[in-house]
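Residue 121 in numbering that gives the first Met the number 0 is what sits at position 122 of the sequence shown, and the numbering runs on without skipping anything. Ideal Cβ positions, reconstructed from N, Cα and C, are used throughout, including at glycine.
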Amino acid sequence: MRKMKKFINSISAEILKLRYPPILWLCVLIPVIVASIIFTASYLDANSMMQLGKNPWSRYQSGGMGIFGVFLITPFLVMLISTAIFIENHSHGWKGVYSTPHTRSSIFYAKLCVIIGICITTIIISIILNLIGAYVLDYLLPEIEFRHYDMRLLTFLPSYIHVLISTLGIIGIQYFLSYRFKGFLIPMSFGIIAYIVGFIIGTTNKPLALYSPYSYPSIVRDYQMFTIDKIGIIQYGWLNSVEWRSIFIFILFIILANILEVRKNIS
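Set out below in structure tokens:
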């Protein structure tokens, strides 16, 4: 019970630290960008939304999720993790952090939980803004008839969960790199370059994408942006091979990072 209370206190401390950098602005800015893009595209091309007998929510929600999963979630995570760890790396902050009664592992996993929590919050904000955008679009263009169809929210929520799971490998790698390198530049640069390479690999429709964790968010679902039928994704129950690989990479790098951090000399 006491350990759990200390862990919760560690999480609270990490949340307070992240109030000052522009991380929380990114948490809102990314969903605003997604909602604005899909709203503008739908408004300018309203005819494609009005297909007789077809639910307009499907196209609208799929577009929003595709933009978020393919183009924005990975750069967001790279910036989020690099900035969150740099707070401690800057001005030798780890000495002050480790002088507290909390264990290194407790601090390590508390920061990780906050990062994942921010990612989940960003997804929730994105879903809410997409829904608001759809109703505004329906008000401006009532002929699209959003109000007459089921929004299928329960259908798209699991899809966002799959996207989140696909990012776990990226979170593990970036978390490991940010702990290993004191500077902001190396993990940030690696993440952005890996994202660009992963995006290119993910759009080639080749099995090579299965070996690029930074490709996983773009291939975990069929966003109808590019074909993924030849990649060789296998479904194992509710999760597919991409998600299982992402989970494995996440566990591997998080355990390795924790072991190295516990053994690190901070003197």
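Can you give the beta carbon distance from residue i to residue j, rounded, assuming they're within the 8 angstroms contact cut?
i	j	result
I173	I80	It is Gln, not Ile, that sits at residue 173 in the sequence shown. Yes, they are in contact, since the Cβ atoms of Q173 and I80 sit about 4 angstroms apart, within 8 angstroms.
P21	I143	Rounded, the Cβ-Cβ distance is 36 angstroms, inconsistent with contact.
L163	I119	7 angstroms
P212	I72	Contact doesn't hold; Cβ gap of about 13 angstroms is too wide.
I84	S177	4 angstroms
K16	I86	6 angstroms
I269	T121	In the structure as shown, the chain begins at 0 and stops at 266. Residue 269 is therefore absent and cannot be evaluated.
Work out the CA separation of residue j and residue i for me, nearest whole Å.
i	j	result
I200	L207	7 angstroms
A34	L23	17 angstroms
L58	M64	Reading off the sequence shown, one finds Arg at residue 58, where the question assumed Leu. Spanning the two alpha carbons is a distance of roughly 10 angstroms.
F75	I123	15 angstroms
P186	V241	23 angstroms
S214	W243	14 angstroms
N129	N264	47 angstroms
F183	K53	48 angstroms
V113	N46	42 angstroms
L238	S245	11 angstroms
K205	F67	22 angstroms
L140	I126	21 angstroms
I227	L209	11 angstroms
Y108	I248	16 angstroms
H101	C26	28 angstroms
N257	F180	14 angstroms
V135	S158	24 angstroms
V31	D44	20 angstroms
E13	S105	11 angstroms
L152	T203	31 angstroms
F175	R262	14 angstroms
K2	E260	19 angstroms
I160	G62	16 angstroms
I117	T82	13 angstroms
Note the first and the last residue of the continuous alpha helix (DSSP H) segment covering residue i.
i	result
K229	Where K229 is concerned, there is no enclosing alpha helix (DSSP H), given that its DSSP letter is neither H nor E.
F145	Where F145 is concerned, there is no enclosing alpha helix (DSSP H), given that its DSSP letter is neither H nor E.
D182	Here the sequence assigns Gly to residue 182, which means Asp is not the residue at that position. No alpha helix (DSSP H) contains G182, which DSSP labels as neither H nor E.
A34	I22 to L43
H161	L152 to S165
D137	R103 to L139
G236	Neither: G236 is in no alpha helix (DSSP H) and is coded neither H nor E.
R58	P55 to I66
Y215	Y215 to I218
Could you check if residue i is buried or exposed, using at least 16 other CB atoms within 10 Å of its CB as the buried criterion?
i	result
Q60	buried
K110	buried
M78	buried
Y138	exposed
I195	exposed
G197	buried
I131	exposed
With 8 angstroms as the threshold, decide whether the Cβ of residue i is near any Cβ in chain C.
i	result
P212	Of the chains in the structure shown, none is chain C; there is only one protein chain.
So, do the stretch 205 to 224 and the stretch 141 to 149 have three or more beta carbon pairs nearer to each other than 8 angstroms? no
Meets three-Cβ-pair contact criterion under 8 angstroms: the stretch 248 to 257 and the stretch 156 to 176: yes
So, do the stretch 3 to 12 and the stretch 23 to 41 have three or more beta carbon pairs nearer to each other than 8 angstroms? Under the three-pair Cβ rule at 8 angstroms, the stretch 3 to 12 does not count as touching the stretch 23 to 41.
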